[in-house]
Amino acid sequence: MILWITELRSKLAIPATLAELGIEESALSDIVALALLDAEHQTNPVSMDAAGFMQICQNAFAGTIKSDQ
């Protein structure tokens with residue numbers, strides 16, 4: 108499934124990373140702070156703290172794909 112999504116993203120010329128979207132790495136901490144303020148994250152099936160959100164943001168910035176499959 109991940110391969111299909113990455114191929115589709117490539118065909119549609121959709122940026123693959125936050126960096127490709129023009130987001131500065133220095134903005135990641137601001138994104139994490141906003142995510143923590145969003146009450147909706149309380150309903151995630153996995154509990155998330157600042158470190159967890161930062162890992163997701165760093166992965167999205169670098170284009171790192173983590174798969175448990």
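Count along the sequence shown from 1, then add 107; that gives the number in the working numbering.
Beta carbons are placed, not taken as given, at the ideal position from N, Cα and C, and that holds for glycine.
Residue closest to residue i, alpha-carbon to alpha-carbon, out of the options
{"i": "residue 171", "options": "108, 123, 117 and 119", "result": "123"}
{"i": "residue 141", "options": "152, 160 and 114", "result": "160"}
Host alpha helix (DSSP H) of residue i (start-end)
{"i": "residue 138", "result": "135-144"}
{"i": "residue 131", "result": "It is not in any alpha helix (DSSP H) - residue 131 carries neither H nor E in the DSSP assignment."}
{"i": "residue 166", "result": "157-169"}
{"i": "residue 110", "result": "109-118"}
Beta-carbon spacing of residue i, residue j below 8 Å
{"i": "residue 126", "j": "residue 168", "result": "yes"}
{"i": "residue 157", "j": "residue 143", "result": "yes"}
Spatial neighbours of residue i in its chain, beta-carbon cut-off 6 Å, leaving aside the 5 residues before and after
{"i": "residue 155", "result": "148"}
Cβ-based neighbour list, residue i, same chain, cut-off 7 Å, excluding 5 preceding and 5 following
{"i": "residue 116", "result": "123"}
The segment 153-164 in contact with the segment 125-140 per 3-pair CB rule at 8 Å
yes
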